[in-house]
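Have a look at the structure below, then the notes.
There are 2 protein chains.
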Amino acid sequence: MSKLLAIATTIKDWQVAEISALAEEYTVRLASDLTDEDFPNIEILYGWKNEFADQFLTQGYDSLRWIQVQFAGVNQLPSEILSDDNIRITNMSGIHAIPITETVFGYILNQYRHLLLYKTRQASSTWQAEANHRSLTDKKIIVFGAGNIGREIARLAKAFGMVTIGVNTSGRAVEYFDTTVDTDTALAESTDADIIVNVLPATDATNNIFSLDFFSRQTAQPIFINVGRGNAVVDEDLIAALDQEFLSYAALDVFDVEPLASDHPFWQHEKIDVTPHMTGQVEHFADETYKIFHANITDYLAKNELPVNLVSKEKGY
Amino acid sequence: MSKLLAIATTIKDWQVAEISALAEEYTVRLASDLTDEDFPNIEILYGWKNEFADQFLTQGYDSLRWIQVQFAGVNQLPSEILSDDNIRITNMSGIHAIPITETVFGYILNQYRHLLLYKTRQASSTWQAEANHRSLTDKKIIVFGAGNIGREIARLAKAFGMVTIGVNTSGRAVEYFDTTVDTDTALAESTDADIIVNVLPATDATNNIFSLDFFSRQTAQPIFINVGRGNAVVDEDLIAALDQEFLSYAALDVFDVEPLASDHPFWQHEKIDVTPHMTGQVEHFADETYKIFHANITDYLAKNELPVNLVSKEKGY
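Note that the protein sequences, when read in sequence, are chains V and R.
Just so we're aligned: 15 in the numbering used here is position 15 of the first sequence, and the numbers increase by one with no gaps anywhere.
Just so we're aligned: 76 in the numbering used here is position 76 of the second sequence, and the numbers increase by one with no gaps anywhere.
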């Protein structure tokens with residue numbers, strides 16, 4: 001049986017051709033052409049689909065050595081595969097930094113400049129200006145997660161004249177953050193931040209960290225933005241924090257269960273905006289992702305190395 | 001009759017007290033306390049209300065020497081007063097640069113990241129992501145008006161990784177613009193801009209410059225944003241340009257007649273967002289405006305000079 005390289009993400013014809021030429025000892029197969037019998041023979045997988053979990057666990061994955069996922073967080077992969085030392089995983093960390101950052105500022109500007117409210121009024125041809133438009137200048141933004149995405153948010157925040165606070169495990173300094181604090185301190189202490197943004201990945205350490213306890217320590221009625229993962233938020237506590245006015249508003253793009261159930265109270269809460277896990281969507285996705293895969297497969301084939309975005313088995317990101 | 005200093009803008013008590021102390025030879029009177037008989041005696045007017053036009057023209061304005069308006073564009077003042085060489089006018093140019101810029105990027109990000117669409121879908125608890133989210137990186141923005149506001153838009157645009165083109169009367173270089181062109185050239189030539197922003201003041205030279213002719217020369221289906229003045233746009237041509245797909249979208253904050261009439265077709269056009277002339281609204285308005293008035297009145301009283309934002313009678317801004 002020839003070695004199998006399977007492709008399960010958006011890709012262009014010329015990219016498939018280039019992969020086939022590079023990996024000449026492999027059979028290159030698109031996800032749509034995969035049969036159950038192929039799964040135990042896949043060595044390289046470019047792209048992940050959630051139905052693969054069942055297929056690998058049922059059919060086996062003895063040949064699997066490398067998965068290049070097309071997203072950043074790897075928590076949707078089965079734990080058997082995540083913990084298997086024979087399998088390395090690389091992700092697309094970094095390519096989402098710009099679109100996520102842009103969307104975060106979209107949320108903030110909508111709220112500060114009342115643009116969603118004006119859209120609602122437009123439906124009834126209502127000319128009515130609010131009195132309390134806010135500006136980002138001098139506002140304090142605290143970003144949980146000071147990696148690629150957090151740093152890009154901080155870079156733009158500085159351009160908008162904001163005060164930036166980054167949160168990471170160690171509290172080490174990161175470019176574009178005026179201050180950094182370690183996660184435990186940030187979660188335990190009171191803050192007067194105007195804007196709280198979560199970009200943390202889903203790990204055991206981030207489960208339920210945003211609780212009513214945390215929200216009740218915020219003194220400036222901040223807005224809360226979750227573009228990390230839904231596991232970090234206690235849903236009912238977020239609603240309580242909005243209702244008790246510890247928070248003024250929440251923009252949520254990620255949820256414990258996705259799609260968000262149609263009867264989930266987030267949908268109809270007047271202080272919550274829900275978007276369908278789209279913040280990270282990249283305009284030239286097939287090109288941006290292929291750059292990373294191309295760099296990795298070149299070194300994988302030449303010297304069995306994966307230079308870009310190798311996920312730490314220990315940290316989970 | 002004592003000299004009169006009238007105040008007709010948002011002001012704090014301590015500011016009124018400070019003005020009264022500074023201008024000790026003047027009677028300081030708030031707009032709400034002005035009688036018809038007061039109008040001929042007003043020498044200094046801080047703030048403008050549109051009903052003053054009739055009152056000055058009826059009662060006379062022989063004493064009037066200086067109007068500090070609380071906005072940027074002075075086109076709402078009567079031409080008799082604008083053209084009177086005895087009356088100097090200072091405006092609030094500059095304080096609106098940041099809020100206008102923030103709102104412009106709010107419009108752009110809403111459109112590029114589909115946030116208004118998701119808000120609409122939220123009403124029916126609909127989880128449905130679009131496929132074509134765009135990013136600002138490498139997009140080309142052309143700004144008509146490269147003064148305080150245009151330069152601030154360009155500064156942020158560079159932070160978002162965009163290509164910036166500024167338009168001013170002479171085509172002279174302006175910071176943060178990669179290129180500048182003169183107005184006649186910019187209006188006559190074809191462009192492949194992704195975003196067109198108008199921040200020009202209302203003058204004879206800017207009447208109806210954005211016509212179907214102009215829009216039809218755009219090759220990249222740009223979005224059009226008007227935060228300057230409504231006189232620049234031929235309303236029916238803008239609608240035609242959207243319907244004929246020369247433009248993909250328009251965000252409009254200013255109009256020929258404000259408030260925009262409830263039966264104006266802009267309100268219900270699916271490719272137009274209307275906001276009620278709010279982009280320039282400043283969060284700490286009474287403080288930001290008072291800084292400028294304070295600098296001017298100090299020099300006016302000491303040496304009859306107005307150092308900040310004196311409006312050119314010739315240019316009209």
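By construction, the Cβ of each residue, glycine as well, lies at the ideal position given by its N, Cα and C atoms.
The structure displayed is predicted, hence computed values, not measured ones.
Does residue i have its Cβ less than 8 angstroms from a Cβ in chain V?
i	result
PHE105(R)	yes
TYR176(R)	no
GLN221(R)	no
HIS133(R)	yes
TRP127(R)	yes
ILE42(R)	no
VAL274(R)	yes
ARG88(R)	no
Could you tell me if residue i is buried or exposed, where buried requires 16 or more neighbouring beta carbons within 10 angstroms of its beta carbon?
i	result
LEU30(R)	exposed
LYS139(R)	buried
GLY367(R)	With chain R covering only 1 through 317, there is no way to say anything about residue 367(R).
TRP48(R)	buried
VAL104(R)	buried
SER135(R)	buried
LEU5(V)	buried
ILE128(V)	Strictly speaking, residue 128(V) in this sequence is Gln, with Ile absent from that position. Exposed is the call here.
GLU152(R)	buried
ASP273(R)	buried
LYS119(R)	buried
ASP287(R)	exposed
VAL227(R)	buried
GLY166(R)	buried
GLU130(V)	exposed
PRO99(V)	buried
ARG88(R)	buried
VAL257(R)	exposed
Taking 8 angstroms as the threshold (beta carbon to beta carbon), is residue i in contact with chain R?
i	result
HIS277(V)	yes
LEU238(V)	no
THR137(V)	yes
GLN122(V)	yes
For the beta strand (DSSP E) holding residue i, just list the boundary residues, first then last.
i	result
ARG172(R)	Looking at the DSSP string, ARG172(R) is not in any beta strand (DSSP E), and its letter there is neither H nor E.
ASP54(R)	Element bounds for ASP54(R): not the beta strand (DSSP E) but the alpha helix (DSSP H), 52-59.
LEU30(V)	26-30
ASN198(V)	195-198
VAL181(R)	179-182
LYS3(V)	3-7
ASN226(R)	223-226
TYR249(R)	249-252
Residues of chain R with a CB under 7 angstroms from the CB of residue i: which are they?
i	result
PRO265(V)	Here the premise fails: no neighbours, minimum Cβ distance about 10 angstroms.
SER262(V)	SER125
ILE149(V)	What ILE149(V) touches in chain R: nothing, since even the nearest Cβ is about 14 angstroms away.
PRO78(V)	Here the premise fails: no neighbours, minimum Cβ distance about 24 angstroms.
List the residues of chain R that residue i touches, going by C-beta distances under 9 angstroms, in chain order.
i	result
ASN207(V)	Result: empty, since nearest Cβ-Cβ is about 23 angstroms, beyond 9 angstroms.
Can you pull the chain V neighbours of residue i, defined as C-beta to C-beta under 7 angstroms?
i	result
ASP256(R)	Per Cβ cutoff of 7 angstroms: no residues; ASP256(R) is ~14 angstroms from chain V at best.
The ligand NAP heavy atoms versus the CB of residue i: any closer than 7 angstroms?
i	result
THR101(V)	The ligand NAP is not part of the structure shown, which contains no ligands of any sort.
Mind listing the chain R neighbours of residue i? Cutoff is C-beta to C-beta under 8 angstroms, in chain order.
i	result
ILE153(V)	Within chain R, no residue comes near ILE153(V); the closest Cβ sits about 12 angstroms away, beyond 8 angstroms.
GLU102(V)	LEU109, TYR112, ARG113, SER135, LEU136, PHE160
Going along chain V in order, which residues have a C-beta closer than 9 angstroms to the C-beta of residue i?
i	result
ALA159(R)	ARG155, LEU156, LYS158, ALA159, PHE160
ASN110(R)	GLY106, LEU109, ASN110, LEU115, LEU116, LYS119
GLU283(R)	TYR112, ASN132, HIS133, ARG134, SER135, THR137
PRO201(R)	The contacting residues do not exist; PRO201(R) stays about 20 angstroms from chain V at best.
Since residue i meets chain V, which of its residues come closer than 8 angstroms, beta carbon to beta carbon?
i	result
THR307(R)	Per the sequence shown, the amino acid found at residue 307(R) is Pro instead of Thr. Correct list: empty, because the minimum Cβ distance to chain V is about 24 angstroms.
List, in order along the chain, the chain A residues whose C-beta lies closer than 7 angstroms to that of residue i?
i	result
ILE98(R)	The chain labelled as chain A is not found among the protein chains of the depicted structure, namely V and R.
Just to confirm the assignment, what range does the alpha helix (DSSP H) spanning residue i have?
i	result
TRP66(R)	Here TRP66(R) belongs to no alpha helix (DSSP H); instead the beta strand (DSSP E) covers 66-68.
ALA241(R)	235-243
ASP287(R)	285-303
ASP192(R)	ASP192(R) -> no alpha helix (DSSP H), and no H or E assigned at all.
VAL16(V)	13-22
VAL104(R)	97-113
Does the stretch 233-248 of chain R touch the stretch 263-273 of chain R, meaning 3 or more C-beta pairs lie closer than 8 angstroms?
Contact annotation: the stretch 263-273 of chain R touches the stretch 233-248 of chain R, with at least three C-beta pairs closer than 8 angstroms.
Counting beta carbon pairs with one atom in the stretch 209-224 of chain V and one in the stretch 184-198 of chain V, are three or more of them shorter than 8 angstroms? yes
- Query: Is it true that the stretch 84-98 of chain R meets the stretch 243-254 of chain R, where meeting means three or more beta-carbon pairs spaced less than 8 angstroms apart?
  - Reply: Counting Cβ pairs under 8 angstroms, fewer than three are found: no touch.
Handout entry: Segment contact, 8 angstroms Cβ cut-off, at least three pairs: the stretch 277-286 of chain V with the stretch 41-58 of chain V
Key = The stretch 277-286 of chain V is not in contact with the stretch 41-58 of chain V.
| query | Taking one C-beta from the stretch 290-300 of chain V and one from the stretch 61-72 of chain V each time, how about it: are there three or more such pairs within less than 8 angstroms? | reply | yes
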